[in-house]
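Residue numbering for the sequence shown follows this note's numbering, beginning at 3 and increasing consecutively.
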Amino acid sequence: MSDLLSRRLALLDSAEQRDLLRHCRHGLEKESLRVDPAGHLALTPHPQALGSALTHAQITTDYSEALLEFITAAEEDPARSLDELDAIHRFAYANLGEEKLWTHSMPCQLPAEAEIPIAEYGSSHIGQIKHVYRKGLAVRYGKAMQCIAGIHYNFSLPEALWPLLQAAEGDTSPAQDYQSERYVALIRNFRRYSWLLMYLFGASPAVCASFLKDREHHLETLGEGTLYLPWATSLRMSDLGYQNNAQASLRPCYNDLDSYLASLRQAVSTPYPPYEAIGLQRDGEWQQLNTNVLQIENEFYSSIRPKRVANAGERPIQALGARGVQYVEVRCLDIDPFLPLGIDLVAARFLDAFLLFCALEDSPSMPGDECRECTANFALTVKEGRRPGLQLSRHGEPRELKAWGLELLERLATCAALLDRTHSGDLHQQALNAQRAKLQDASLTPSARVLRSLREDHLSFFAFAQRQSERHAAWFRGRPLDAESQAAFAQSARDSLAAQATLEREQQGSFEEFVEHYMAAIEPT
3 MSDLLSRRLA
13 LLDSAEQRDL
23 LRHCRHGLEK
33 ESLRVDPAGH
43 LALTPHPQAL
53 GSALTHAQIT
63 TDYSEALLEF
73 ITAAEEDPAR
83 SLDELDAIHR
93 FAYANLGEEK
103 LWTHSMPCQL
113 PAEAEIPIAE
123 YGSSHIGQIK
133 HVYRKGLAVR
143 YGKAMQCIAG
153 IHYNFSLPEA
163 LWPLLQAAEG
173 DTSPAQDYQS
183 ERYVALIRNF
193 RRYSWLLMYL
203 FGASPAVCAS
213 FLKDREHHLE
223 TLGEGTLYLP
233 WATSLRMSDL
243 GYQNNAQASL
253 RPCYNDLDSY
263 LASLRQAVST
273 PYPPYEAIGL
283 QRDGEWQQLN
293 TNVLQIENEF
303 YSSIRPKRVA
313 NAGERPIQAL
323 GARGVQYVEV
333 RCLDIDPFLP
343 LGIDLVAARF
353 LDAFLLFCAL
363 EDSPSMPGDE
373 CRECTANFAL
383 TVKEGRRPGL
393 QLSRHGEPRE
403 LKAWGLELLE
413 RLATCAALLD
423 RTHSGDLHQQ
433 ALNAQRAKLQ
443 DASLTPSARV
453 LRSLREDHLS
463 FFAFAQRQSE
473 RHAAWFRGRP
483 LDAESQAAFA
493 QSARDSLAAQ
503 ATLEREQQGS
513 FEEFVEHYMA
523 AIEPT
């Protein structure tokens, strides 16, 4: 444990400050494909009973009309976020008819690309922007890749923490700059150590063979209809999942917020010849929002993002530039197919300790060599993380994954202990122990459990995912919401539909003018 981490922990462990960490906030975003009873992608519209995908705060869609996204509020207790996610699932199942949710990150058996429905958001300008953006994703990356699902974990430290640390360390920079600097430092440490999360929580070591139809790959065959890598943890996060040549050279600098935002502004402003060849419109129909490296900043695929709640009409890049970082969004978590919600409280408690460690531990600037090393460690872990004796690289020297992981857990233990003292329990230490067991025995990891189920139960990937989806559907359907909660969700759905109708009714100006204004709005407001 570094001296800096020791000093910061001691400060937070004082009698006056021990309750401060109770005010961390946690939010969840979970994506799930709607599928028909046979496990095929649902081609039906977004159910109206779930409300407007454009304006509903809890239920929306991601890429496809069939890719639901459930969003919880940011709560001080992650258990409350999980309870809200559970309630959203139960409401959704009350309105899905015979359809169910696919409880795996890698897709079900998809139809031909042309038949995968892109999400619709109505006729308002902002609704059309969301739709055209997704059309752009289709022509840039293909629709199948956009049907991959995951879980995002949103995390913030208490606002009162930053001035406390700043005063203790004698920092005289503006408060907003200090807070953003500390969150960016958290992100640097996250990049250094996030390979550990892929080992511990990766749950997609296999895919349906149909997903890679007509694509080159280096996967092995595991029975009929299943492709896999024997030591993989998360093919979702490998180059088989989110990949793109245009983004290959895009390496935003995480050494400060200004340089990070500058790199994104450049990407959303720089033409890319292959996208120029596609064109902006074809036969009068929009194909993409622009022909630049990125259409908008959210197109950049990353395992973690600095975030700030945006005001109405404000782009994320504007919000960050104007008011700094407010929280981080962890984006690399697979859906655990053995859990009805895809994530549980044990994982959340561990993530809290991990992210607190990343925030408080020393985080020097990351030169190019270290940046590439971190990327390589992550890539190696998602494809070979459970390989016995696997060697990663630390400062150019080989380091066994298992030994390094156990060492990291020892360093994390002090953060888990502080959180437990804060909450008067031992749940964070228990969560740490559960992850230590996975490092000692790789067969306990979700990825190993998936492969064991495929082999022992003689199932294809599709049959396994279909079985788990049916089990979880029965779990949610067997626990309907009480009448009051059901009515509250139904009212929220109606309110969201009314809000969308108001947007469309009050729409002014042309879509072309709206797009031009939106594309130009990349500087802080």
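Beta carbons: idealized from backbone N, C-alpha and C, even for Gly.
Since the structure is predicted, the reported quantities are computational estimates derived from the model, not experimental observations.
With distances taken Cα to Cα, identify the nearest neighbour of residue 335 among 312, 199, 509, 382.
-> As a first step, residue 335 is located in the sequence shown; it is residue number 333 there, counting from the start. Of 312, 199, 509, 382, the residue nearest in Cα terms is 199.
Practice item. Would you mind reading off the limits of the beta strand (DSSP E) that contains residue 36? Key: For the purposes of this step, residue 36 is taken as residue 34 along the sequence shown, with counting starting at 1. Judged by DSSP secondary structure, residue 36 falls within the beta strand (DSSP E) whose first and last residues are 27 to 37.
Practice task
Just tell me which of 11, 23, 17, 32 has its CA closest to the CA of residue 332.
Solution key: Position 330 of the sequence shown holds residue 332. Residue 32 is the option with its Cα nearest to residue 332.
Legend entry - Contained alpha helix (DSSP H) runs [length at least 4] in the stretch 119 to 187, N- to C-terminal order: DSSP runs (the alpha helix (DSSP H)) wholly in the stretch 119 to 187: 127 to 143, 163 to 170.
Residue 146 to residue 381 span [Cα, whole Å] | Within the sequence shown, numbered from 1, the residue matching residue 146 stands at position 144. Within the sequence shown, numbered from 1, the residue matching residue 381 stands at position 379. C-alpha separation (whole angstroms): 21 Å.
Since residue 104 sits in a beta bridge, which residues does DSSP pair it with? In the sequence shown, the residue the question calls residue 104 occupies position 102. In the DSSP secondary-structure assignment, residue 104 is bridged to 35.
*Could you tell me whether the Cβ atoms of residue 418 and residue 355 are closer together than 8 Å?*
Mapped onto the sequence shown, residue 418 falls at position 416. Mapped onto the sequence shown, residue 355 falls at position 353. Going by C-beta atoms, residue 418 is nearer than 8 Å to residue 355.
Close beta carbons around residue 359, own chain, < 7 Å, minus the five adjacent residues each side: In the sequence shown, residue 359 corresponds to position 357, counting from 1. Around residue 359: 413, 414, 417.
Exercise for review: Would you identify the three-state DSSP class for residue 448, choosing helix, strand or coil?
Suggested key: For this step, residue 448 is matched to residue 446 along the sequence shown. Look at residue 448 here: in three-state DSSP terms it is helix.
What did DSSP end up calling residue 417 once you bin it into helix, strand or coil? Start at 1 with the first residue of the sequence shown, and residue 417 comes out as number 415. Residue 417 carries a helical assignment under DSSP once its states are collapsed to helix, strand and coil.
Exercise. May I have a chain-ordered list of the alpha helix (DSSP H) segments no shorter than 4 residues that lie completely inside the stretch 446 to 508?
Key: Counting only runs of 4 or more residues that sit fully inside the stretch 446 to 508, the alpha helix (DSSP H) segments are 448 to 458, 463 to 479, 485 to 507, in chain order.
Notebook entry, point to check: Is it the case that the Cβ atoms of residue 87 and residue 343 are separated by a distance below 8 Å?
Noted result: To locate residue 87, count along the sequence shown from 1; it is residue 85. To locate residue 343, count along the sequence shown from 1; it is residue 341. Going by C-beta atoms, residue 87 is nearer than 8 Å to residue 343.
- [ ] Count the other CB atoms, across all protein chains shown, that sit within 10 Å of the CB of residue 460; report buried if there are 16 or more and exposed otherwise.
- [x] As a first step, residue 460 is located in the sequence shown; it is residue number 458 there, counting from the start. With a 10 Å radius around the Cβ and a threshold of 16 neighbouring Cβ atoms, residue 460 comes out exposed.
TODO: Pull up the distance between the alpha-carbon of residue 34 and that of residue 43, whole angstroms please.
DONE: One-based indexing of the sequence shown puts residue 34 at position 32. One-based indexing of the sequence shown puts residue 43 at position 41. Their backbone Cα atoms lie some 11 Å apart in a straight line.
For residue 477, which option in 498, 95, 326 has the closest C-alpha, if you only look at C-alpha atoms?
If you number the sequence shown from 1, residue 477 lands on position 475. Checking every option, the nearest Cα to that of residue 477 belongs to 95.
Problem set entry | Where the beta strand (DSSP E) containing residue 72 begins and where it ends | Within the sequence shown, the letter at position 70 stands for residue 72. For residue 72, the enclosing beta strand (DSSP E) begins and ends at 69 to 73.
CA-to-CA distance, residue 497 to residue 59, given in whole angstroms: Within the sequence shown, numbered from 1, the residue matching residue 59 stands at position 57. Within the sequence shown, numbered from 1, the residue matching residue 497 stands at position 495. Taking the straight line joining both Cα atoms gives about 10 Å.
Margin query: Within a Cβ cutoff of 6 Å, which residues of the same chain sit near residue 65, ignoring the five residues on either side of it in sequence?
Written below: The count along the sequence shown starts at 1 and reaches residue 65 at position 63. Answer for residue 65: 136, 148, listed in chain order.
Task: contact_flag[the stretch 254 to 270, the stretch 301 to 308] where n(CB pairs < 8 Å) is 3 or more - done: Taking 8 Å as the limit for Cβ pairs, the verdict is that the stretch 301 to 308 does touch the stretch 254 to 270.
From 289, 233, 62, 80, residue whose alpha carbon lies closest to that of residue 351
Locating residue 351 in the sequence shown gives position 349, where the first residue counts as 1. Check the Cα spacing between residue 351 and each of 289, 233, 62, 80: the tightest is with 80.
Cβ-Cβ separation, residue 384 to residue 236 (assumed contact under 8 Å), whole Å
Taking the first residue of the sequence shown as position 1, residue 236 is located at position 234. Taking the first residue of the sequence shown as position 1, residue 384 is located at position 382. Going by Cβ atoms, the distance from residue 236 to residue 384 rounds to 4 Å, so yes, they are a contact pair.
- Query: Looking only at its own chain, which residues have a Cβ that is under 8 Å from the Cβ of residue 402, when we skip the five neighbours before and after it?
  - Reply: Translated into positions along the sequence shown, residue 402 becomes position 400. By the criterion of a C-beta distance shorter than 8 Å, residue 402 is surrounded in its chain by 391, 392, 393, 394, once the five residues flanking it on both sides are discounted.
> Between residue 425 and residue 24, which are expected to be in contact by the criterion C-beta below 8 Å, what is the C-beta distance as a whole number of angstroms?
Replying inline: Walking along the sequence shown from the start, residue 425 turns up at place 423. Walking along the sequence shown from the start, residue 24 turns up at place 22. Taking 8 Å as the upper bound for CB-CB distance, residue 425 and residue 24 are in contact here, some 7 Å apart.
query = How long is the line joining the alpha carbons of residue 183 and residue 317, rounded to whole angstroms?
reply = Within the sequence shown, the letter at position 181 stands for residue 183. Within the sequence shown, the letter at position 315 stands for residue 317. Rounded to the nearest angstrom, the two C-alpha atoms are 21 Å apart.
Which residues does DSSP pair with residue 306 in a beta bridge? Reading the sequence shown from its first residue, position 304 is the one you call residue 306. Per DSSP, 332.
Self-check item: Extent of the continuous alpha helix (DSSP H) run through residue 350
Solution: Residue numbering aside, residue 350 sits at position 348 when the sequence shown is read from its first letter. Boundaries of the alpha helix (DSSP H) around residue 350: 347 to 362.
Contact set for residue 202: own chain, Cβ-Cβ below 6 Å, skip 5 residues either direction: Position 200 of the sequence shown, counting from 1, holds the residue named residue 202. Once the five neighbours on either side are set aside, the close Cβ partners of residue 202 are 437, 440.
Tell whether a beta-carbon distance below 8 Å holds between residue 10 and residue 167.
Numbered from 1 along the sequence shown, position 8 holds the residue referred to as residue 10. Numbered from 1 along the sequence shown, position 165 holds the residue referred to as residue 167. The Cβ atoms of residue 10 and residue 167 sit closer than 8 Å to each other.
*Residues sharing a beta bridge with residue 210, DSSP*: Counted from its first residue, the sequence shown places residue 210 at position 208. According to DSSP, which records beta bridges pairwise, residue 210 is partnered with 228.
- request: Report the rounded CA-to-CA distance for residue 159 versus residue 26, giving the unit in angstroms.
  value: Translated into the one-based positions of the sequence shown, residue 159 becomes position 157. Translated into the one-based positions of the sequence shown, residue 26 becomes position 24. One C-alpha to the other measures close to 5 Å.
Does the beta-carbon of residue 487 have 16 or more other beta-carbons within 10 angstroms, so that it is buried, or is it exposed? Counting from 1 along the sequence shown, the entry for residue 487 is found at position 485. So residue 487 counts as exposed.
Q.
Comparing C-alpha positions only, which one of 472, 278, 281 sits nearest to residue 340?
A. Translated into positions along the sequence shown, residue 340 becomes position 338. Measuring from the Cα of residue 340, the nearest candidate turns out to be 472.
* Asked: Per DSSP, what kind of secondary structure is residue 313 in: helix, strand or coil?
  -> What you label residue 313 is simply residue 311 of the sequence shown in a count that begins at 1. Taken through DSSP and simplified to helix, strand or coil, residue 313 comes out as coil.
> Skipping 5 residues on each side, what residues in its chain have a beta carbon closer than 8 Å to that of residue 121?
Replying inline: Stepping through the sequence shown from its first residue, residue 121 is reached at position 119. Cβ neighbours of residue 121 beyond the five flanking positions: 48, 55, 63, 64, 65, 66, 67, 69, 132, 133, 136.
Q. My guess is that residue 337 and residue 205 are in contact by the Cβ rule of under 8 Å, so how many angstroms apart are they, rounded?
A. Start at 1 with the first residue of the sequence shown, and residue 337 comes out as number 335. Start at 1 with the first residue of the sequence shown, and residue 205 comes out as number 203. About 7 Å; that satisfies the 8 Å criterion.
State the DSSP-derived secondary structure class of residue 42, mapped to helix, strand or coil. Indexing the sequence shown from 1 puts residue 42 at position 40. Residue 42 falls in the strand class under three-state DSSP.
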